[in-house]
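Asks: To start, I am sharing the structure in question, which I have written as C-alpha cells.
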Amino acid sequence: MSEGVSALDSKIPFKPLGMVDPAIEIERRSDGTILMWSCHVPAETPRSIPHIFHERAREFPDRAFIKERKGPAGEWQRLTYAEALRLSDNIAQALIDRGLGAGDAALILSGNSTEQALLILGCMTAGVSAVPVSAAYSLASSDFARLLHCAAAVRPAIVFAQEAAPFARAIAALRTAHPDLDVVTVDGGEGITNLASLSDGEAGRDVDARREGLGPDTVAKILFTSGSTGMPKGVPQTQRMMTAVLAGTEGLRAPDRAMDEGELLELLDWMPWSHISAGNINFNGVISAGGTLYLDGGRPVPGLFDQTIRNLYDVSPIHFASAPIAFGMLADALESDAVLRRSFFRKLRYLAYGGATLSDDLFDRLQALSIAETGERIPIITMYGSTETQGITMTHWATERVGMIGLPLPGMTLKLVPNGAKLEVRVKGPTVMPGYLGDPEKTAAAFDEEGFYCLGDAVRFLDEAAPEQGLVFDGRVAEDFKLDSGTWVSVGTLRPDIVAACSPMVQDAVIAGQDKRFVAAILWPSAVALAQYSKHGVLDVAALGVELAERLAAHNRGAGGSSRRVHRIVIASEPLSVEHGEITDKGYVNQRAVIDRRADSIARLYDQPPADGIIEIHC
C-alpha cells in the first residue's frame with residue numbers, strides 16, 4: 000500500500016482538528032515485546048450513559064436528540080432531549096413493573112429507529128441488557144440459525160421489532176424456541192404488545208432508584224461479534240467500557256481548539272447499532288456532546304445511497320463517520336454535484352472511518368474535493384477497536400497517511416508482541432470486556448498470561464525511530480498466508496491496494512493463494528462499474544474484465560515481489576452474503592468466510608488451462 004500523497008496536496012494546510020498532538024511512552028522488553036500508552040490523561044469518567052442522558056435532558060430540554068424521516072412525505076420528525084427522557088423513563092418503568100432488571104435482556108431485531116433508541120435508553124436505565132442484533136439475521140436468513148443462537152445465549156424476556164409483518168417469520172421461529180416471549184412492535188397486532196403501551200405510562204421513583212443504582216460493572220448491552228470463526232459470540236458491554244471511551248476521547252480534545260460557542264454536533268449515521276462504531280461510539284458520543292443524531296435511512300448500496308445524498312442536502316455535519324465502502328460512493332456523488340459538495344463541506348471539521356482500511360486513491364479524491372470547496376485539506380482520522388474492546392486507539396492528528404490506527408487512547412495500554420515478522424496487537428484497559436457471555440473457555444483463550452486481550456491483528460510503526468507518528472494496520476494475523484515459495488502475503492495491505500488500482504470500478508476484493516504459485520483475487524464490481532458496463536440490465540463481464548486487467552497490470556508493474564502481484568481474477572456474480580458471514584451489515588468483508596464458502600470459485604482461479612470467466616493479468 001502506498002503511503003504517499005501528491006506533492007501539490009502536501010503544501011495545502013489541513014483544517015484545524017481540535018485535538019492534542021500525539022505523545023506516548025514506550026517500554027521495550029528483551030524479547031521484542033513493546034508496551035505503549037498515551038501521555039495524555041483521560042477526562043473524568045461519567046457514571047453511566049443514562050446519567051449523561053439525564054444531565055443533557057436537563058441542560059438542553061428543547062434541543063433535538065434524534066431526527067428521522069417519517070410519514071408519506073418523508074419529512075424530518077424531531078424528538079427533543081426532554082421528550083426522549085420522559086418516554087425512555089416510562090419504558091424503564093414498564094420494564095420494572097414486569098419484574099425485569101439485572102440479568103434480563105431485550106432482543107432487538109430491526110434496524111436503527113427513534114423507537115429503538117428509546118427502548119435502548121429505557122433498558123439501560125432499568126438495568127436490562129439491550130441486545131441489538133443484525134437485522135439480516137431476521138430478514139436475510141432462511142433458517143434463522145444466527146438469530147436463534149443469539150436468543151439462546153441471552154434468553155430474552157422481550158423481543159422488539161419496528162414492524163410486525165417484515166419480522167413475522169423470525170418472530171415465529173423465536174416463539175417456537177421460546178414460547179413465553181413478550182413481542183413488542185411499534186404497530187402492535189394480535190398477540191403483540193404495542194410499544195406505546197410501554198412508553199405512555201408514567202415513570203415513578205423506581206426509575207430514579209434504578210438509575211442511581213447503575214455502576215461501572217452494570218451490563219448495559221450485549222453485542223455479538225460478526226462470527227468470523229463460527230457462531231457469533233456474545234460480548235457484555237458494561238457501563239465502564241462505554242464511558243471509558245468517552246473519557247479517553249475527551250482527554251484528547253485541545254482546550255484551545257474547541258468547537259465554536261453554540262456550535263452543535265450534528266451527526267448523520269446509517270451504520271447499524273448492532274456494532275460498536277455506531278451503537279456505542281457514535282450514539283453515546285452524540286449524547287455526551289448534547290448533539291443531534293440524524294438517522295440515515297440510506298445504505299452504501301446502489302439504489303439506497305440516494306437517500307444518504309438526499310439527507311446530506313439538509314444536514315451539514317460537523318464530522319462524518321462511516322465505513323470506507325460509503326466514502327467511495329460519497330466521493331462519486333460529490334464529484335458530480337457542486338450543490339451537494341457545498342452542503343457537505345459547509346461545517347465539516349473532519350472525516351472518520353473504521354472497520355477497514357481507506358485506500359490511497361479514495362484519500363486523494365476526498366482531499367481534492369475538500370480543497371476545491373474550502374481551500375484546505377480535511378483531516379481523515381480513524382478509531383480502532385473491536386466488539387470486545389470498544390475503541391482503543393485513535394489517529395487524533397491530521398495525517399497524510401491511510402491505513403493508520405493511531406496511538407492508544409488515554410487510559411489504555413497496548414502490548415505489541417512479535418509474531419513472525421509482524422507485531423501482534425494486545426490491549427488492557429477499562430474499555431476491554433470482562434469476558435464472553437457464558438463461555439469461560441473462549442474468554443480464557445482470548446487473554447494472555449498478563450491479562451491483555453488478543454485482537455489477532457498486526458501493526459507496524461510508521462517510523463521505528465519516531466513511534467509518536469503512530470501505528471499502521473498490518474493485516475489480520477489469521478488472514479495472511481504463504482505462497483508455495485514460502486513468501487508471505489499480507490492480505491490486509493494488498494486488498495485495499497487492489498481496490499485502489501481498480502477504482503472506482505471495484506467495490507471490494509478477496510485475496511487467494513495459500514500454498515499456490517501466485518496471488519489471485521475475487522472482485523466485486525462497484526455501482527459505477529455496473530452502470531457503465533451493463534447493457535439492458537446485464538453486466539458485460541468481458542468488457543469490464545478488459546479494463547480491470549489493464550489496471551491490475553499497471554499495479555503489478557510497480558508492485559514489487561510476488562506477494563504483491565495479482566496474476567488472475569474473477570468477477571463475482573453473487574453478492575457477498577450477510578447471512579453466511581461474508582460481510583457485516585456495515586460493509587466489512589470477512590476474508591476467511593468468503594474463501595471457505597467459495598472454495599470452488601477459488602479452485603477455479605488455479606485451473607490449468609484457465610477456466611471460463613477467469614481473467615489473466617499480464618505485466
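Residue numbers (numbering that gives the first Met the number 0): 0 to 618.
The C-beta atom is built at its ideal place from N, Cα and C for all residues, glycine as well.
Within this structure, are the beta carbons of Gly126 and Ala163 separated by less than 8 Å?
Replies: No Cβ-Cβ contact shorter than 8 Å links Gly126 with Ala163.
Asks: Does the stretch 559 to 568 touch the stretch 111 to 126, meaning 3 or more C-beta pairs lie closer than 8 Å?
Replies: no
Asks: Helix, strand or coil, according to DSSP, for Met18 in the structure here?
Replies: Three-state DSSP puts Met18 in a strand.
Asks: Assess contact between the stretch 239 to 250 and the stretch 75 to 85, defined as three or more Cβ pairs (one per stretch) separated by less than 8 Å. Is contact present?
Replies: no
Asks: Quick test of your reading: Met240 and Asn283, contact by CB under 8 Å. State the CB separation rounded to the nearest angstrom.
Replies: The Cβ separation is near 10 Å, so there is no contact.
Asks: Ignore the nearest five residues each way along the sequence and tell me which others in Asp205's own chain have a CB closer than 6 Å to its CB.
Replies: Ile95
Asks: Which class does Thr388 belong to by DSSP, given the choice of helix, strand or coil?
Replies: Of the three classes helix, strand and coil, the one that applies to Thr388 here is coil, per DSSP.
Asks: What's the C-alpha gap between Ala443 and Tyr435?
Replies: 9 Å
Asks: Measuring straight from C-alpha to C-alpha, what distance separates Arg209 and Ala397?
Replies: 42 Å
Asks: Helix, strand or coil for Arg667? Go by DSSP, reduced to three states.
Replies: No statement about residue 667 is possible, as the shown extent of the chain runs from 0 to 618 and does not include it.
Asks: Would you call the CB atoms of Thr237 and Pro433 closer than 8 Å?
Replies: yes
Asks: Taking only the alpha-carbon atoms, compute the straight-line gap between Tyr587 and Ala322 and give it to the nearest angstrom.
Replies: One C-alpha to the other measures close to 8 Å.
Asks: Is it true that the stretch 469 to 476 meets the stretch 394 to 411, where meeting means three or more beta-carbon pairs spaced less than 8 Å apart?
Replies: yes
Asks: Whose CA, out of Met504, Gln366, Gly212 and Gly559, lies closest to the CA of Leu547?
Replies: Met504
Asks: Could you tell me the boundaries of the alpha helix (DSSP H) in which Lys441 lies?
Replies: It spans Pro439 to Ala445 - the alpha helix (DSSP H) in which Lys441 sits, taken as one unbroken run.
Asks: Lys515 to Ser140, Cα distance in whole Å?
Replies: Distance between the alpha carbons of Lys515 and Ser140 is about 34 Å.
Asks: Quick one: complete alpha helix (DSSP H) runs, 4+ long, within the stretch 453 to 526?
Replies: 490 to 500
Asks: Which residues mark the beginning and the end of the beta strand (DSSP E) in which Pro407 is found?
Replies: Met403 to Pro407
Asks: What does the Cβ neighbour count give for Val40, buried or exposed, with the cut at 16 atoms within 10 Å?
Replies: exposed
Asks: Please determine if the stretch 448 to 459 and the stretch 541 to 559 are in contact, where contact requires at least 3 C-beta pairs separated by less than 8 Å.
Replies: With fewer than three CB-CB distances shorter than 8 Å, the stretch 448 to 459 does not count as touching the stretch 541 to 559.
Asks: Mind checking which residues open and close the beta strand (DSSP E) that includes Arg77?
Replies: Glu74 to Thr79
Asks: Can you find the residues in the same chain that come closer than 8 Å, C-beta to C-beta, to Ala81, ignoring five residues on each side of it along the sequence?
Replies: Ala56, Pro60 and Asp61
Asks: Would Leu347 and Met18 be called neighbours here (beta carbons separated by less than 8 Å)?
Replies: no
Asks: Which same chain residues, not among the five before or five after Ile594, have their C-beta less than 7 Å away from its C-beta?
Replies: Val509, Ala511 and Ile601
Asks: For Gly188, which residues does DSSP report across the bridge?
Replies: Gly188 pairs with Ile191.
Asks: First and last residue of the alpha helix (DSSP H) that includes Asp360?
Replies: Asp359 to Thr373
Asks: Just reading off the beta strand (DSSP E) that Leu120 is part of, what are its end residues?
Replies: That residue, Leu120, is in no beta strand (DSSP E); its alpha helix (DSSP H) goes Thr113 to Ala125.
Asks: Can you tell me which of the three DSSP states Glu546 falls into?
Replies: helix
Asks: Starting from Ile614, trace the alpha helix (DSSP H) both ways and give me its first and last residue.
Replies: It is not in any alpha helix (DSSP H) - Ile614 instead sits in the beta strand (DSSP E) that spans Ile613 to Glu615.
Asks: For the alpha helix (DSSP H) that Ile308 lies in, which residues bound it at each end?
Replies: First-last of the alpha helix (DSSP H) with Ile308: Phe304 to Asp313.
Asks: Going by Cα to Cα distance, which pick from Lys66, Phe343 and Ala72 is closest to Thr79?
Replies: Lys66
Asks: Measuring CA to CA, which of Ala169, Ser109, Met382 and Pro316 is closest to Glu262?
Replies: Of the residues Ala169, Ser109, Met382 and Pro316, the one whose Cα lies closest to the Cα of Glu262 is Pro316.
Asks: Rounded C-beta distance between Ala104 and Ile221? I'm assuming under 8 Å.
Replies: 6 Å
Asks: From what residue to what residue does the beta strand (DSSP E) around Tyr293 run?
Replies: Thr291 to Leu294
Asks: Can you confirm whether the stretch 181 to 201 touches the stretch 209 to 219 when touching is taken to mean that 3 or more C-beta pairs between the two stretches lie within less than 8 Å?
Replies: no
Asks: If you check the beta carbons only, do Leu551 and Cys501 fall under 8 Å apart?
Replies: yes
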